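*Asks:* Residue numbers (my numbering): 8 to 227. Where is the CB? At the ideal position from N, CA and C, for every residue including glycine. Since the structure is predicted, the reported quantities are computational estimates derived from the model, not experimental observations.
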């Protein structure tokens with residue numbers, strides 16, 4: 008009887024455990040769907056995104072995902088935003104503001120080149136950017152305002168730079184001419200940055216402060 012009781016208890020435990028695992032596996036959320044989609048894009052490329060493929064990763068039927076995302080486009084918009092937000096902005100170090108901007112923009116361009124399908128989703132979301140795009144945008148504009156650009160000039164330069172990146176990435180060759188393409192890209196980036204330098208206000212403010220100090224101490 009003791010053996011039968013143990014066997015019955017073990018059977019019940021396995022049955023309960025199995026139901027719990029099944030229930031846990033089937034319990035979806037928007038966060039789980041989006042995380043699975045981002046992981047799929049990173050491992051297999053943005054072009055591999057589909058409702059069917061993400062459902063396969065999660066081990067559920069494709070129809071189960073529609074409770075949490077409207078369609079593939081909505082899912083792709085989130086993934087695109089997450090990839091942009093994943094650009095590492097912590098490795099800028101003690102660089103000049105120009106080199107900081109170059110570092111950020113090259114990382115942005117590299118992402119677009121790696122996932123070319125990302126472009127229409129991020130470009131069309133510029134009016135209402137997601138948290139990832141806002142994070143990257145904030146990183147760029149913070150460098151610019153710290154350099155001495157007023158907010159409006161920093162925002163204008165940011166949009167000019169990312170637009171240049173999208174155009175550059177779309178026209179970038181995939182052949183051996185890649186190195187020449189990068190050189191042209193760097194030259195174009197420098198041209199844009201140099202064309203905006205006259206909007207820096209910090210040098211002008213420095214002159215004003217120097218004049219105030221001279222007047223304060225009666226110096227000429």
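Thinking just about the alpha-carbon of each residue, which of 110, 142, 43 is nearest to the one in residue 88?
*Replies:* Comparing Cα-Cα distances from residue 88 to each of 110, 142, 43, the minimum goes to 142.
*Asks:* Please classify residue 107 as buried or exposed, where buried requires at least 16 other C-beta atoms within 10 Å of its C-beta.
*Replies:* Residue 107 comes out buried.
*Asks:* Since I believe residue 62 is in contact with residue 72 (beta carbons under 8 angstroms), could you give me their beta-carbon distance rounded to a whole number of angstroms?
*Replies:* Rounded, the Cβ-Cβ distance is 5 angstroms, consistent with contact.
*Asks:* Are the region 105 to 125 and the region 161 to 179 touching, with three or more C-beta to C-beta distances below 8 angstroms?
*Replies:* Because the criterion of three Cβ pairs below 8 angstroms is met, the region 105 to 125 and the region 161 to 179 touch.
*Asks:* For residue 114, which option in 189, 199, 34, 82 has the closest C-alpha, if you only look at C-alpha atoms?
*Replies:* Cα-wise, what sits closest to residue 114 is 189.
*Asks:* Going by beta carbon distance, what residues of the same chain come within less than 8 angstroms of residue 35, once the five residues before and after it are set aside?
*Replies:* For residue 35, where only same-chain residues beyond five positions count, the Cβ hits under 8 angstroms are 65, 67, 71, 72, 74, 75.
*Asks:* With distances taken from CA atoms, which of 162, 54, 150 is nearest residue 101?
*Replies:* It is 150.
*Asks:* Can you name, in chain order, every residue of its own chain whose Cβ lies under 6 angstroms from the Cβ of residue 203, other than the five neighbours on each side?
*Replies:* 164, listed in sequence order.
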